[in-house]
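> Residue numbers (numbering that gives the first Met the number 0): 0 to 479.
Virtual Cβ for every residue (Gly too), placed ideally from N, Cα, C.
I'd like to ask you about the structure that follows.
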Amino acid sequence: MSQDSSDPKNSAPQNEASSSTSKAWGGRFSEATDAFVQRFTASVDFDQRMYLQDIEGSIAHATMLAKVGVLSDDEKQQIYAGLETVRQDIESGKFAWSVELEDVHMNIESALTEKIGITGKKLHTGRSRNDQVATDIRLYVRDAIDSIGKELTRLQEGLLSVAEREASTIMPGFTHLQTAQPVTFGHHLMAWFEMLSRDYDRFMDCRKRLNQSPLGAAALAGTTYPIDRHYTAELLGFDQPTANSLDSVSDRDFAIEFCAAASTLLMHLSRASEELILWTSAQFDFIDLPDRFCTGSSIMPQKKNPDVPELVRGKTGRVYGDLFSLLTLMKSQPLAYNKDNQEDKEPLFDTIDTVTDCLRAFADMVPAITAKKDSMYDAAKRGFSTATDLADYLVRKGIPFRDSHEIVGKSVAYGIEQKKDLSEMSLEELQQFSDTIQQDVFDVLTLEGSVAARNHIGGTAPEQVKKAVATAKQVLASRD
Ligand code: ARG
């Protein structure tokens, strides 16, 4: 969090103290909290964004308390109505968040009590902020996963539309960033699609594991009230209550898993970004990105910079950093809750925001990619990308692969000298290297022949790309 010295709460005198009686836990204290300690220990500046989940959790808790007879129906109704006005105050900007009240939980509870009086003080029966915060974060991450899943699907739909359009567009495929074999542009984009499908599954897998209700674990050991944990779990859309109260309030492995899935996604987006950046350069000149996704240079008038993919590539680093913060935060923590855990939120929220923005940028940008087909085609021709096809041709005619490799190597050396692609040589020229070569060689030396020949599942042939797109559409349609 940035420490702005112009912010009055940061420049408050060190010995200024708040009244001990204003604290929800002030009973056993004889001295008010030091003003700096108050600010140092507070999380309200960053956890207030969980207000909806906090209210949702409190409604479920109050509903359960009324069901088991700890609260009356009338008290429950008062709590519902009070929380609803608190929500409205927050959303209309009227709510005054107070650092003195430490976090989102105590701010909301205190506002509720101000609104409905003594009944508000009963809400916390059989609950602790420890199970409350563990519930809120799970709900928050679950909501984040659901919206990330939708945005990932939108990006994948965009990829499919371009892949379908470019199923037969030929470009060079690379290994070591050197021209290797011709591939179709649609096939290349479908590789990105596959990476993103695994990312989607990783998020959904994380969702499955986090979707358990910690409510009822209370501070660490459970509670003496006759609570119904299955009921609160059901009310909040959790699959079941967590199995161990100590574990429920202390572990943040779901946040780590989420950030790990996010890091892998961003790693993939950074790879795609890198390719987009290369492809828009004058040296590659494979694609065009619309002006609205690019920026200019203040000094070089000719520049059109691919800032959006560059930023996505750069933001990958901060998401890795968030993952490492969380891993380090949890390292060696003894059971059960420790205040350290309050530090889980900023990295987690930063990852959620970063992933959301990067996905949006990509989902908007990808359908607008235009392929510069001629340029891609020329590049595929320049790098002797059908050399393997010639070698395979000779093998089919009975020459051992190692010998055919040698023959093709010599043909390529000749081509470099003569500045001719293999397909541009005459039959006589090719026959200098092997008299096994006949007229039918030209069927395999063309770029079209080369890609069409890789016609098996997972291969680059246009026919296979179209099939892959059709299968992928079914995958997307099966997501809810
Ligand atoms: N703001 C705290 C957090 O984010 C809430 C839990 C506080 N619990 C406690 N025992 N002090 O972790």
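1) Could you check the C-alpha separation between Asp442 and Ala162 for me, to the nearest Å?
2) Hey, would you say the C-beta of Asn304 is under 8 Å away from at least one heavy atom of the ligand ARG?
3) Can you determine whether any heavy atom of the ligand FAD sits closer than 8 Å to the C-beta of Gln77, and answer yes or no?
4) Quick one, are the C-beta atoms of Tyr199 and Gln155 less than 9 Å apart?
5) Within the region 52 to 100, note down every full alpha helix (DSSP H) run reaching 4 residues or more, in order along the chain.
6) Is it true that the CB of Arg478 sits closer than 9 Å to the CB of Thr152?
7) For Asp287, list the residues DSSP reports as bridge partners.
8) Indicate whether Ser340 and Ser249 have their beta-carbon atoms separated by less than 9 Å.
9) Near Ala367, which residues of its chain fall below 6 Å by C-beta distance, leaving aside the five closest residues on each side in sequence?
10) Is there contact here, the region 445 to 458 with the region 181 to 189, by at least three beta-carbon pairs under 8 Å?
11) Which first and last residues belong to the alpha helix (DSSP H) in which Gly185 is found?
12) Residues in its own chain within less than 8 Å of Gln177 by CB, not counting five upstream and five downstream?
13) Hey, Pro213 and Val67: beta-carbon distance below 9 Å or not?
14) Quickly, what does DSSP pair Gln177 with across the bridge? List them, please.
15) Taking 8 Å as the threshold, find out whether the region 227 to 246 comes into contact with the region 282 to 297 through three or more Cβ pairs.
16) Rounded to a whole number of angstroms, what is the C-alpha to C-alpha distance between Ile58 and Ala166?
17) Can you name the residues that DSSP bridges to Pro240?
18) Nearest by alpha-carbon distance to Val354: which of Leu326, Ile147 and Gln52 is it?
19) Is Glu101 close to the ligand ARG? I mean its beta-carbon at under 8 Å from any heavy atom of the ligand.
20) Using only alpha-carbon positions, find the residue among Leu100, Arg86, Ile276 and Asp377 that is nearest to Val36.
21) Which of helix, strand or coil does DSSP assign to Asn304?
For this structure:
1) Here residue 442 refers to the residue found at position 443 when the sequence shown is read from its first residue. Here residue 162 refers to the residue found at position 163 when the sequence shown is read from its first residue. One C-alpha to the other measures close to 25 Å.
2) Within the sequence shown, numbered from 1, the residue matching residue 304 stands at position 305. Checking the Cβ of Asn304 against the ligand ARG gives no.
3) By its list of ligands, the structure shown excludes the ligand FAD, since it contains just the ligand ARG.
4) As a position in the sequence shown, residue 199 is number 200, starting the count at 1. As a position in the sequence shown, residue 155 is number 156, starting the count at 1. Between Tyr199 and Gln155, the C-beta spacing is below 9 Å.
5) For the region 52 to 100, the full-length alpha helix (DSSP H) segments reaching 4 residues or more read 72 to 90 along the chain.
6) Position 153 of the sequence shown, counted from the start, is the residue given in the question as residue 152. Position 479 of the sequence shown, counted from the start, is the residue given in the question as residue 478. In contact: Thr152 and Arg478 (Cβ atoms closer than 9 Å).
7) Position 288 of the sequence shown, counting from 1, holds the residue named residue 287. DSSP, once it has assigned bridges, lists Thr369 as partnering Asp287.
8) Counted from its first residue, the sequence shown places residue 340 at position 341. Counted from its first residue, the sequence shown places residue 249 at position 250. Per the sequence presented here, residue 340 reads as Asn, with Ser not at that position. Contact flag set, yes.
9) Indexing the sequence shown from 1 puts residue 367 at position 368. Here the set comprises Pro289.
10) Result yes; three or more Cβ-Cβ pairs closer than 8 Å.
11) Stepping through the sequence shown from its first residue, residue 185 is reached at position 186. Counting along the chain, the alpha helix (DSSP H) containing Gly185 begins and ends at Phe184 to Leu209.
12) Here residue 177 refers to the residue found at position 178 when the sequence shown is read from its first residue. For Gln177, where only same-chain residues beyond five positions count, the Cβ hits under 8 Å are Gly382.
13) Here residue 213 is taken as the residue at index 214 of the sequence shown, counted from 1. Here residue 67 is taken as the residue at index 68 of the sequence shown, counted from 1. Judged by beta-carbon spacing, Val67 lies beyond the 9 Å limit of Pro213, meaning their Cβ atoms are not closer than that value.
14) Position 178 of the sequence shown, counted from the start, is the residue given in the question as residue 177. DSSP lists Thr174 as the bridge partner or partners of Gln177.
15) Flag = no, the region 227 to 246 and the region 282 to 297 do not touch.
16) Here residue 58 is taken as the residue at index 59 of the sequence shown, counted from 1. Here residue 166 is taken as the residue at index 167 of the sequence shown, counted from 1. Taking the straight line from one Cα to the other gives about 52 Å.
17) Counting from one through the sequence shown, the residue named residue 240 turns up at place 241. Per DSSP, Ser212.
18) Position 355 of the sequence shown holds residue 354. The option with the nearest alpha carbon to Val354 is Ile147.
19) Walking along the sequence shown from the start, residue 101 turns up at place 102. Answer for Glu101: yes, Cβ within range of the ligand ARG.
20) The count along the sequence shown starts at 1 and reaches residue 36 at position 37. When only C-alpha atoms are compared, the closest one is Leu100.
21) Locating residue 304 in the sequence shown gives position 305, where the first residue counts as 1. Strand.
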